[in-house]
Amino acid sequence: MLLTVPAHAGSVSGKIRLVNVSTPAANQAAGEKENVVIWLEGAHDSKPPETTIKISQRSLQFSPDFAIAVKGQKIEMPNDDDVVHNVYSFTGQNQFNLGLYAKGESRTVVFDQTGIVDVFCSIHHQMHARVFVVPTKYFANGMPGHSFTLADVPPGKYVLKAWHQRSRMMQKFIIVPASGSVTADINLESGPQPAAMARQ
Amino acid sequence: MARHEIVYKASVGVALSAVLFFSLRGFSVDDHRPQPPAITPQMLDTMKVLPGGLAALPLVTIPSDNPQTPAKIELGKKLFFDTRLSLDRSSSCATCHSPEKAFADGLARAKGFQGATLARNSPTVLNAAYNSAQFWDGRAATLDEQCKGPLLAPAEMNMLDEKHLVDRLSSISGYRHEFQSVFGGSPSLDSVTRAVAAFERTLVTPDSRFDHYAMGDKNSLSDAEKRGLIVFIGKAACSECHNGPNFTDNKYHNLGILPGHGNPDDVGRFAVTKNPEDRNAFKTPTLRNIALTAPYMHDGSSATLEEVVELYDRGGGDAPNKSKLIYKLNLSAQEKADLVAFMKSLNGTLPQMKAPAMYPESGPQSKGDLGRQ
């Protein structure tokens, strides 16, 4: 398949805000460095991107410590430290254990289930990274107080979902036309942890 | 279950799978984390490369401007053991770097000219040939350059200046002839240091049990030593600094050790660089033969390896400007014991030698010598 952009495509965009915080500035302050993961459910493009995500182990931390991956996308986990790590996760069906390897070697993980994957090092307990696995490439990594855009979305009916660490999971039904854009603001209400996402 | 693959960038070939699968189930978050997977000696044994470039000792690199010859090494050995290289004829290089003390002196802080206690611990000469920096503050890059320091330092061998040294050696006919035959000239500060450095480049200690392990003999370390190595390269992160075949990064770190044992005004690497970050930072010493070179640290403030491990476990000392690489380790008693066990596996085959026969004095004495008999 040569065409990655459908002949007809629309885009979905909007503003992200925490509803219990009044002004945009307060929104931004409250949500600074807090990821809001926005994605579409119901898209049929199941092919993961060719690009590889890299999460390295550097200075006894994961770097970056948050990443969004498409189901089936490769995540490379190089060890850039002069010490050994043992990277693992016990998260549901995405559990893995990479064993010991030194600088200059690398191991790759692929997650087949959507949801949050908590990644740790069994030697350095302070190390924690989180990988958010989404079903398709139609996702965005946003922040409260900012806007988002999902581009080149094939026309159709979708459920737009948004996840934020401190908020209730948000979802709304949207229809993307053959061309043009849909405005869909993300209003996040404080609520319980949307941990159920991890089971999808 | 997630799929994963192993890529060895360092080595081409069939990758051994060290990956273990765990049957633990269910979604986990931080607060309800099950016991993390354990690290076993068997997992260590499957590693192709140890982190930090820890490896068996390679051959010593010989500088192109000072090639090794048996005659030069022999001359260097004589000079190394000759007390006439100090102004009062009381101490040789071997006084603080004794073959009976693993080429250190067993003292917390070295004894200098006429027995005065110096600020720092005598580092071993063993394997110093592998280091790209000499002295605790790295003020010399090579052994040749290093040798000049103690010879001329008033607090150490105190030979005043090159002329004094040359006059002293030239007054000994045996040295006159030997320098002539090795260097084609009379003794000079330069030829003295070249000969001593050439001898020191032979003071290496391969064949430690760790070397055999690193070369593939997985039975050469006991389980306790392997567990210690895992702590060394893992939880305690020793290999962040003690890395490479000689277990040193040749860099300088401040461990927060409060002055008090040595000279309170000893600013370490700062004296060389004037960089505020180097204040009270000292060179990472080799850990080879470390069990033989107590006491430890730049000021001899730790008497035993156990004390050193305790110091690191509590996150170093309380002095300011401490390195970010030093933090509380929370090691268990078992992990501490294993770490010490591992360090003891770093003893290599030491060069065995006695002081060679000294040339008798046969010429006019240079003037102004102290302690002439």
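Those protein sequence lines, which keep their order, are chains L and C. In terms of the working numbering, the first sequence opens at residue 1 and continues consecutively. In terms of the working numbering, the second sequence opens at residue 1001 and continues consecutively. Quick reminder that beta carbons are idealized off the backbone N, C-alpha and C, glycines included.
- Residues of the stretch 94-110 of chain L whose Cβ lies closer than 9 angstroms to any Cβ of chain C, in chain order: Asn94, Gln95, Phe96, Asn97, Leu98, Gly99, Leu100, Tyr101, Ala102, Lys103, Gly104, Glu105, Ser106, Arg107, Thr108, Val109, Val110.
- Counting along the chain, C/Gly1149 sits inside the alpha helix (DSSP H) bounded by residues 1143-1152.
- Excluding five sequence positions before and after L/Pro64, the CB atoms of its chain that fall closer than 7 angstroms to its own CB belong to Ile55, given in chain order.
- Per DSSP, C/Tyr1327 lies in no beta strand (DSSP E) and is assigned neither H nor E.
- Residues of chain L with a Cβ closer than 9 angstroms to the Cβ of C/Val1049 are, in chain order, Tyr101, Ala102, Lys103, Gly104, Glu105.
- Exposure of C/Leu1059 is indicated by the presence of fewer than 16 other C-beta atoms within 10 angstroms of its C-beta.
- Buried is the label assigned to L/Ser106, since at least 16 other Cβ atoms lie within 10 Å of its Cβ.
- Take L/Asp81, set aside five residues on each side of it, and the residues of its chain with a beta-carbon closer than 8 angstroms to its own are Gln57, Arg58, Ser59, Leu60, Lys103, in chain order.
- Rounded to whole angstroms, the gap between the alpha carbons of L/Pro135 and L/Glu41 is 7 angstroms.
- For L/Leu18, not one C-beta of chain C is nearer than 8 angstroms to its own C-beta.
- With the rule of 3 Cβ pairs closer than 8 angstroms, the stretch 1097-1108 of chain C counts as touching the stretch 1350-1361 of chain C.
- Per DSSP, C/Gly1234 lies in no alpha helix (DSSP H) and is assigned neither H nor E.
- Judged by their CB atoms, L/Pro144 and L/Val36 are nearer to each other than the 8 angstroms cut-off.
- CA-CA distance, C/Leu1325 to C/Leu1255, rounds to 9 angstroms.
- Burial check for C/Ala1198: the Cβ neighbour count within 10 Å reaches 16 or more, so the residue is buried.
- At a cut-off of 8 angstroms between beta carbons, C/Arg1288 makes no contact with chain L.
- L/Glu34 sits close to L/Gln165, with the two beta carbons spaced by under 8 angstroms.
- Judged by DSSP in its simplified three-state form, C/Phe1247 adopts coil rather than helix or strand.
- Residue contact with chain L for C/Ser1090: absent (no Cβ-Cβ distance below 8 angstroms to any residue of chain L).
- For the stretch 1229-1240 of chain C, the beta-carbon criterion of a distance under 7 angstroms to any beta-carbon of chain L is satisfied by Ile1233, Gly1234, Lys1235, Ala1237, Ser1239, Glu1240.
- The CB of C/Met1343 never comes closer than 7 angstroms to any CB in chain L; the least such distance is about 16 angstroms.
- Out of C/Ala1153, C/Ser1186, C/Thr1349, the CA that lies nearest to the CA of C/Ile1172 is found in C/Ser1186.
- Contact annotation, C/Glu1156 with C/Gly1112: C-beta distance approximately 5 angstroms; criterion of less than 8 angstroms satisfied.
- With a cut-off of 8 angstroms on Cβ pairs, the stretch 110-126 of chain L is in contact with the stretch 81-93 of chain L, counting three or more such pairs.
- Rounded to the nearest angstrom, the Cβ distance from C/Lys1226 to C/Leu1107 is 33 angstroms, too far for a contact under 8 angstroms.
- Counting only runs of 4 or more residues that sit fully inside the stretch 1289-1348 of chain C, the alpha helix (DSSP H) segments are 1305-1313, 1333-1344, in chain order.
- About 6 angstroms separates the Cβ atoms of C/Thr1205 and C/Asn1289, confirming a contact at the 8 angstroms cut-off.
- When the alpha-carbon of L/Gly14 is set against those of L/Ile38, L/Leu100, L/Asp45, the nearest one is in L/Ile38.
- Within the same chain, Cβ atoms closer than 6 angstroms to the Cβ of C/Val1182 are found at Ala1071, Lys1072, Leu1075, the five residues on either side in sequence being excluded.
- Of all alpha-carbon atoms in C/Gly1262, C/Leu1287, C/His1261, C/Tyr1252, the one lying nearest the alpha-carbon of C/Pro1276 is that of C/Tyr1252.
- In the structure shown, L/Ser63 adopts extended strand secondary structure according to DSSP, grouped into three states.
- Around the C-beta of C/Met1297, 16 or more other C-beta atoms lie within 10 Å, and the residue is accordingly described as buried.
- DSSP, read as helix, strand or coil, puts C/Lys1163 in helix.
- For chain L, the residues of the stretch 1038-1071 of chain C that bring a beta carbon within less than 8 angstroms of one of its beta carbons are Ala1038, Ile1039, Met1043, Leu1044, Thr1046, Met1047, Lys1048, Val1049, Leu1050, Pro1051, Gly1052, Gly1053, in chain order.
- Here L/Phe90 carries a coil assignment [DSSP, helix/strand/coil].
- Cβ atoms of C/Asp1211 and C/Gly1348 come within 8 angstroms of each other, at about 7 angstroms.
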